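*Asks:* Sending over a structure as structure tokens; questions will come in a sec.
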Amino acid sequence: MPHYEPWSDERARAVIDEFAHLEGPLMPMLHAVQETFGHVPDAVVPMLAEKLNVSRAEVHGVVTFYHDFRHEPAGRHVLKICRAEACQAAGGDILADHAEHKLGCKLGETTADGRVTVEPIYCLGLCATAPAAMLDGRIVARLNERRLDALIAEAQS
Amino acid sequence: MTIRIYVPKDACAIACGADEVAEAIAAAALASGQPIEIVRNGSRGMLWLEPMIEVVTDQGRIAYGPVDAGDVEGLFAAGFLTGGDHALRIGKPEEHPFLAKQTRLTFARCGIIDPASFEDYRAHGGYRGLERALTLGPAGIIEEVKTSGLRGRGGAGFPTAIKWKTVADAKGDQKYIVCNADEGDSGTFADRMIMEGDPFELIEGMTIAGIAVGATKGYVYTRSEYPHAIWAMEKAVEVARANGMLGANIAGSPYSFDMEVRMGAGAYVCGEETALLDSLEGKRGTVRAKPPLPAHKGLFQKPTVINNVLSLTAVPHILADGGQFYADFGMGRSRGTMPIQIAGNVKFGGLFETAFGITLGELINDIGGGTATGKPVKAAQVGGPLGAYVPTWQFDLPFDYEAFAAKDALIGHGGIVVFDESSDLAKMARFAMEFCSVESCGKCTPCRIGSTRGVELMDRIIAGERVEANLVTLTDLCQTMKLGSLCALGGFTPYPVLSALNHFPEDFGAPPRVVLEAAE
């Protein structure tokens with residue numbers, strides 16, 4: 002399970018400053034912020050705007066454009082199930098339905114107890130050993146109902 | 341004597357349990373007192389056999405797979421350390437028909453060497469291309485690439501030498517080499533495999549490109565879904581720098597080139613070159629109108645070469661063995677080799693590099709062994725989410741840019757996703773529209789609005805509402821998207837939709853004849 006730090010202005014500034022020397026630093030900065038705090042809080046937007054001498058609207062536009070950046074913290078565990086064509090061809094639809102049923106929430110949602118966020122992902126590049134999924138950054142291929150159940154149990158523990 | 345064992349570190353192998361296998365082997369060897377060395381190589385590309393481990397014996401490397409951690413004890417008991425017999429024994433990998441039938445240039449080293457070892461790379465012909473490039477100079481390099489006939493492997497098939505010449509001739513105080521490693525197409529994994537299995541090859545290719553056009557800085561833009569590839573590339577960049585092959589005065593020459601690895605954030609459209617450049621600059625990944633071409637005004641408005649991983653990794657071979665050697669493979673205007681990826685519902689999925697000209701049927705039936713489910717093949721989607729569904733009666737189609745275009749299909753990045761007869765192609769057509777609507781950058785109307793309307797139309801068609809009339813509207817909408825979109829996302833989404841409709845109208849609730857008339 003990933004461990005995130007509580008929000009702190011000072012820490013956020015330090016994280017941002019680490020990438021200030023790069024060309025086009027905004028994406029690396031946003032990734033680092035999310036890696037540190039588990040999401041991209043609103044409070045970081047004006048900090049980034051000031052640092053990069055762009056408007057808040059521009060930073061907000063970038064944050065909201067990319068699927069990866071979270072506005073809210075995710076559940077304790079994040080299960081991403083590939084929903085792209087190769088996994089669909091290999092029976093991914095049934096597995097996605099099964100996961101939704103088992104967790105009691107839809108793809109893109111977090112379970113009521115806040116333990117598991119389940120999301121669609123579009124291609125992990127494991128298409129010859131489909132279907133595939135990722136639990137907290139760990140990849141799993143040749144998924145079947147039994148292996149998916151094991152992943153879900155692990156996420157719920 | 342220490343016995344060397346290869347356990348792949350390719351993401352596909354890891355996802356199938358390679359890390360656990362490596363641990364089990366280390367533990368078993370320790371218990372038996374046999375000194376071993378585990379090398380984490382890339383994958384050979386026989387992905388249905390992953391994790392495929394190899395042990396170095398007197399007879400050469402002997403492979404076993406697919407190995408589960410639970411099999412390790414039995415393997416030791418069967419004497420696998422000396423190539424002993426076992427149910428999982430494959431024999432010499434290079435003699436396996438799947439590998440023996442290939443022509444491997446780009447993937448020649450992948451799965452064989454230790455991807456983190458600079459010495460291993462050099463010992464297997466690495467940096468021979470760069471050495472020759474340094475003697476040829478910029479104009480000579482471009483001439484060699486021109487002779488090779490290399491065309492952009494990302495999908496567009498644009499001649500690489502022309503792109504390079506344009507950037508070489510452009511004036512700019514700073515020029516860039518950008519590698520498009522944003523491999524978002526489902527059914528493709530060649531970029532990922534090469535970055536994990538032979539990352540120095542990409543570094544060498546980008547360095548040669550830099551020398552050719554006068555660029556001193558390079559970026560590899562890859563996906564957040566590829567953590568293992570990012571790790572392997574970053575490690576290799578560090579090692580290359582430490583060995584004087586990146587930075588100032590590469591290999592003691594007057595040329596300087598350095599590079600960075602950057603990570604996207606889950607936006608499919610960033611695989612489109614201009615959206616990628618905007619993303620690298622720290623902006624929303626929206627598509628730019630062309631002109632200006634990236635070759636004139638690319639990254640930070642500077643002259644930029646933007647090439648796919650497979651284009652850049654073909655370059656070291658072209659330089660090392662000469663452009664003509666490369667051009668002697670292939671057919672028509674498609675020269676050289678293409679790393680083809682066979683995936684989806686297929687028995688023997690993997691990476692198959694071969695000269696252009698092989699037919700789809702050979703790839704899917706002979707090499708891929710048909711479907712994994714054992715049901716008859718219904719169709720294959722070639723070229724990712726924007727590629728056409730090709731029905732079995734067109735499986736004589738040779739892998740060639742022009743031959744595919746003539747059938748309203750595209751090679752794209754060389755991915756083949758196989759579907760069996762239980763697949764519903766109307767559902768897949770709906771998915772194509774939905775994917776486009778989710779991933780559209782929003783800049784142009786045909787893509788942004790058209791895809792949303794397309795999903796609505798498909799919902800009505802699937803529900804059986806006024807099917808005939810809605811199919812006419814759908815076909816018309818597809819024409820608008822095809823002709824009016826700014827980039828390939830909106831422009832090519834009609835390929836899967838219309839190919840599904842034209843070849844499998846019964847899935848859309850229409851009799852074949854009616855649909856074909858409506859489509860005209």
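So the protein lines, in turn, are chains A and B. Mapping of the first sequence onto the working numbering: residues 2 to 158, in sequence order. Mapping of the second sequence onto the working numbering: residues 341 to 860, in sequence order. Positions of the beta carbon are idealized from the N, C-alpha and C atoms, including for glycine. If you're wondering where the values come from, they're calculated on a predicted model, not measured in any experiment.
#1: Using alpha carbons as the reference points, say which of B:640, B:733, B:764 lies closest to residue 847 of chain B.
#2: Rounding to the nearest angstrom, what Cα-Cα distance links residue 860 of chain B and residue 838 of chain B in this structure?
#3: What does the alpha-carbon distance come out to for the pair residue 458 of chain B and residue 580 of chain B?
#4: Does DSSP put residue 81 of chain A in a helix, in a strand, or in coil?
#5: Can you pull out the residues from the region 53-70 of chain A whose beta carbon lies closer than 7 Å to at least one beta carbon of chain B?
#6: Could you pull out every residue in the same chain whose Cβ sits closer than 8 Å to the Cβ of residue 428 of chain B, ignoring the five residues on either side in sequence?
#7: When the Cα of residue 616 of chain B is compared with those of B:652, B:804, B:662, B:562, which residue comes out closest?
#8: Below 6 Å CB to CB, which residues in the same chain sit around residue 856 of chain B once its five sequence neighbours on both sides are set aside?
#9: Can you have a look at residue 19 of chain A and say buried or exposed, based on whether 16 or more other CB atoms are within 10 angstroms of its CB?
#10: Tell me whether residue 721 of chain B is buried or exposed, calling it buried when 16 or more other Cβ atoms sit within 10 Å of its Cβ.
#11: Could you list which residues in chain B have their beta carbon closer than 8 Å to that of residue 153 of chain A, in chain order?
#12: Whose C-alpha, out of B:714, B:672, B:372, is nearest the C-alpha of residue 319 of chain B?
#13: From the DSSP output, which residues share a beta bridge with residue 299 of chain B?
#14: Given this structure, state the Cα-to-Cα distance separating residue 641 of chain B from residue 614 of chain B, to the nearest angstrom.
#15: Would residue 516 of chain B and residue 559 of chain B qualify as a contact pair, given that the criterion is a beta-carbon distance under 8 Å?
#16: Would you say residue 762 of chain B and residue 830 of chain B are within 8 Å of each other, going by their C-beta atoms?
#17: Can you give me the C-alpha to C-alpha distance between residue 385 of chain B and residue 88 of chain A, rounded to a whole angstrom?
#18: When you check each C-beta in the region 586-609 of chain B against every C-beta of chain A, which residues fall closer than 7 Å?
#19: Flag this pair as yes or no: are the beta carbons of residue 833 of chain B and residue 750 of chain B separated by less than 8 Å?
#20: Pick out whichever of B:674, B:619, B:549 has its Cα sitting closest to the Cα of residue 477 of chain B.
#21: For residue 499 of chain B, which beta-bridge partners are listed by DSSP?
#22: Taking 8 Å as the CB-CB cut-off, is residue 97 of chain A touching chain B?
#23: Can you list, in chain order, the stretches of the beta strand (DSSP E) that have 3 or more residues and sit fully within the region 363-416 of chain B?
#24: Determine the direct distance from the alpha carbon of residue 484 of chain B to that of residue 378 of chain B, and round the result to whole angstroms.
#25: What does the alpha-carbon distance come out to for the pair residue 98 of chain A and residue 367 of chain B?
#26: In chain B, which residues lie less than 9 Å from residue 123 of chain A when you measure between Cβ atoms?
#27: For chain B, check one thing: does any of its Cβ atoms lie closer than 8 Å to the Cβ of residue 32 of chain A?
#28: In three-state terms, what does DSSP make of residue 691 of chain B?
#29: Which stretch, first to last residue, makes up the alpha helix (DSSP H) that contains residue 822 of chain B?
#30: Can you tell which of A:144, A:71, A:156 has the C-alpha that lies nearest to the C-alpha of residue 96 of chain A?
#31: Spatial neighbours of residue 157 of chain A within its chain, please: CB distance less than 7 Å, with the 5 preceding and 5 following residues excluded, ordered by chain position.
#32: Roughly how far, in whole angstroms, is the beta-carbon of residue 510 of chain B from the beta-carbon of residue 712 of chain B, given that I think they are within contact range, below 8 Å?
#33: Answer yes if the region 538-554 of chain B comes into contact with the region 444-461 of chain B, meaning at least three C-beta pairs across the two stretches below 8 Å, and no otherwise.
#34: Between B:714, B:730, B:443, B:760, which has its C-alpha nearest residue 842 of chain B's C-alpha?
#35: How far does the alpha helix (DSSP H) with residue 830 of chain B in it extend, from its first residue to its last?
#36: Who are the neighbours of residue 141 of chain A on chain B, taking C-beta pairs under 8 Å?
*Replies:* Once the coordinates are examined:
#1: B:764
#2: In this predicted model, residue 860 of chain B has a pLDDT of only 39, less than 50, meaning its place in the structure is not dependable enough to derive any value.
#3: 7 Å
#4: strand
#5: Answer set for the region 53-70 of chain A: 62, 63, 66, 67, 68, 69, 70.
#6: 404, 405, 406, 407, 411, 415
#7: That would be B:562, whose Cα lies nearest to the Cα of residue 616 of chain B.
#8: With a pLDDT of 46 at residue 856 of chain B, under the threshold of 50, the modelled position of that residue is not reliable, and no figure is offered here.
#9: Exposed, by the Cβ-count rule.
#10: buried
#11: Neighbours of residue 153 of chain A on chain B: none; closest Cβ ~17 Å, over 8 Å.
#12: In this structure chain B extends from 341 to 860, so residue 319 of chain B is not present and cannot be described.
#13: Because residue 299 of chain B is not part of the residues shown, which for chain B are 341 to 860, the question remains open.
#14: Roughly 11 Å between the two C-alpha positions.
#15: yes
#16: No, Cβ-Cβ distance for residue 762 of chain B and residue 830 of chain B is not below 8 Å.
#17: Each residue's alpha carbon lies about 18 Å from the other.
#18: 602, 603, 605, 606, 607, 608
#19: no
#20: Cα-wise, what sits closest to residue 477 of chain B is B:549.
#21: In the DSSP output, where bridge partners are listed per residue, residue 499 of chain B has B:491.
#22: By the rule that beta-carbons nearer than 8 Å mark a contact, residue 97 of chain A does not touch chain B.
#23: Listed in chain order, the complete beta strand (DSSP E) runs (minimum 3 residues) inside the region 363-416 of chain B are 376-379, 393-397, 400-404.
#24: Approximately 39 Å, taken between the alpha carbons.
#25: 39 Å
#26: 524, 526, 565, 606, 608, 725, 775, 778, 779
#27: In terms of beta-carbon proximity, residue 32 of chain A lines the interface with chain B, with at least one pair separated by less than 8 Å.
#28: strand
#29: 807-824
#30: For residue 96 of chain A, the closest C-alpha among the options A:144, A:71, A:156 is that of A:144.
#31: 116, 117
#32: No, residue 510 of chain B and residue 712 of chain B are not in contact; Cβ-Cβ is about 49 Å, not under 8 Å.
#33: Because the criterion of three Cβ pairs below 8 Å is met, the region 444-461 of chain B and the region 538-554 of chain B touch.
#34: B:730
#35: 828-832
#36: 355
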